[in-house]
Amino acid sequence: MRQRILSLLLALALLAAIPAVSALAEERTAPADSASAETAPPEDGETESAPESPEETAEPAGPETPSPAGPDLADNVTLAPDAVGQVSFVNVERRMRENNLQILAIEQSVLTIEDIDYDKLYDKLWHQLNELAQAQWAYVRAGSMMRAISNLPAGQRPPGMEDVEYSDYEYNTAYDQLDRAYAAVRDQYEAIKEGDMQKDNADLVRQLNNLQDQIVVAGESLYAALKAMEGQEAGLRRQLAALDRTVEEMELRYTLGQISALQLSEVKTGRTALESGLETLRMNVKSYKLQLEMLIGAEQTGEIALSPLPEVTAEQLAEIDLESDLAAAKERSYELYEAKQTLEDARDQYKDDANYWGYNENRYEFRTARNTWQAAQYTYNNTVQNYELKFRTLYAQVEDYRQILEAAKVSLACEKESYAASELKFRQGTISHNALLAAEDDLREAEETVRSAAGDLFSTYNTYCWAAQHGILN
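Going by numbering that gives the first Met the number 0, the sequence shown opens with residue 0, and the numbers climb by one from there.
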């Protein structure tokens, strides 16, 4: 019976519908002549208005200086493709943007948003609102007719409607569905008209682009971490080789009765523990290589070969300028942009609440709104201060790793001289072959210390470049 009533309502609506005057007819304007036209998204790092807060955001940064170590490498250097089964640091970002499934999915979302034609969508929503308004009007008329018919005696009802029973509940439920649909479309219509949808979508695109950059930063950080782990693995292998020589020597001394079985057992136990640690490290290296292979879209074997990290030149370090780089980072930071939007929302809410309560200091509600607004300002300023602190700390780390590298180079030079002296002594027969091998181990360790320091410097410098060029601080 309910389905029959709804069918009759629809039929009556079609018969009784007359050209209805849309509630929006007078207020609609051509998209090109109204605020519904697409508004240009704000430039990266900018908002439409500055918040009323004690601290303003960063001053506009000067022209950007691309860094060979930073994320703009592909724009300035011709990249050679990696050989099969290999990857170089300079190709990590390109391969991730071309093959990483998460980045590609995000890119499709960005393209979908950027493809929106707000003029056409504005027209479409306006027509939908008119159609819904006409449907509501027809439904009201049909409902009135059904109510009238249901009140007639059965013998006076039109043919086919003798069993019709009007239900206010069913009628109101159907009308509420139309009303909710109208309100939902109206919200979108107003959002385009006021430019809110355009701004929200521009913010969403910025957030998605920032997320893509974050994924790339994670991939590059993983590459640098893997190179550090490979250096640790080489160091452990040297220690294991040295310990093998020690075990061989201790076994000979045990045979000669110079040491006890317990002493020999302790040395062998230490070798077993070292070998176990080396195997664990190898397992972790393979696991992280699998992750890197997934990030760059390579076949997952866990055996991909990594090229050495690029070196940071003195010219690149000389180009670093803390204050100008910090200003550029703050301007481009999505973290600070989002915090500023939150502050502006809090400011608007405060104005609404304060106006509602008449700025009356005697009203608890007004004092609460004022305190909430003040807390929002403190929260924003704290976010900015923390960001500046992290950036300044990163700048200091770059300088610290530079001096660590220089100190490691001095130590390496000393070890080279020491090893040369050991070679001479070995040829003269004043030291044993094991002593010469120990000196060689010290030299290799000093070389690895230099490589490790250079890797730390590059990794920190690369992070600094991402911060200065894209505002990303991890």
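Just so you know, even glycine gets a beta-carbon here, dropped at the ideal spot from N, CA and C.
Small disclaimer: the values here were computed from a predicted structure and weren't measured.
Under the three-state reduction of DSSP, which class applies to residue i: helix, strand or coil?
i	result
Leu-78	coil
Leu-305	strand
Gln-257	coil
Gln-85	strand
Ala-345	helix
Asn-473	coil
Asp-195	helix
Asp-116	coil
Ala-297	coil
Glu-310	coil
With C-beta atoms as the reference, is residue i less than 7 angstroms away from residue j?
i	j	result
Glu-447	Gly-269	no
Ala-445	Leu-404	no
Met-95	Ile-303	no
Tyr-349	Ala-368	yes
Leu-235	Leu-277	yes
Phe-390	Leu-325	yes
Met-249	Leu-239	no
Lys-408	Val-383	no
Gln-135	Val-184	no
Ala-328	Gly-470	yes
Trp-372	Ala-345	yes
Gly-454	Leu-255	no
Val-86	Leu-78	no
Ile-102	Gln-213	no
Arg-443	Arg-244	no
Arg-342	Tyr-287	Checking the sequence, you will find Leu at residue 342 rather than Arg. Their beta carbons are not under 7 angstroms apart, which means Leu-342 does not touch Tyr-287 by this criterion.
I'd like the span of the alpha helix (DSSP H) that includes residue i, first residue to last.
i	result
Trp-356	Run containing Trp-356: none; DSSP gives neither H nor E here.
Asn-381	363–427
Asp-440	432–469
Ile-112	100–113
Gln-315	313–317
Ala-327	321–331
Within 10 Å of its beta-carbon, does residue i have 16 or more other beta-carbons around it, so buried, or fewer, so exposed?
i	result
Gln-468	buried
Ala-29	With a pLDDT of 39 at Ala-29, under the threshold of 50, the modelled position of this residue cannot be trusted; read the value that follows with caution. So Ala-29 counts as exposed.
Glu-492	Because the chain is modelled from 0 through 473, residue 492 falls outside the range shown and cannot be assessed.
Gly-428	exposed
Val-216	buried
Tyr-358	exposed
Glu-92	buried
Met-282	exposed
Cys-464	buried
Ala-223	buried
Gln-197	buried
Lys-285	exposed
Leu-261	exposed
Lys-415	exposed
Leu-291	buried
Asn-370	exposed
Asn-473	exposed
Ala-182	exposed
Glu-298	exposed
Asp-81	buried
Ile-203	The question names Ile, but residue 203 is Leu in the sequence shown. Leu-203 should be labelled exposed.
Gly-84	exposed
Ala-141	buried
Hey, would you say the C-beta of residue i is under 6 angstroms away from at least one heavy atom of the ligand GDP?
i	result
Glu-314	You won't find the ligand GDP in this model; it holds no ligand whatsoever.
- Item | Validate contact between the region 418–436 and the region 358–376 using beta carbons, cut 8 angstroms, 3 pairs | no
- Message: Tell me whether the region 200–212 and the region 104–112 touch, counting them as touching only if at least three CB pairs, one residue from each stretch, are closer than 8 angstroms.
- Response: yes
- Message: Measuring CB atoms only, is the region 126–146 touching the region 176–189, in the sense that at least three cross pairs come out at less than 8 angstroms?
- Response: yes
- Could you tell me whether the region 308–322 touches the region 345–362, using the rule of 3 or more Cβ pairs below 8 angstroms? no
- Does the count of Cβ pairs from the region 184–203 and the region 114–123 closer than 8 angstroms reach three? yes
- How do the region 456–464 and the region 394–402 stand: do at least 3 beta-carbon pairs fall below 8 angstroms, yes or no? yes
- Query: Touch check for the region 378–389 and the region 434–442: three-plus C-beta pairs under 8 angstroms?
  - Reply: no
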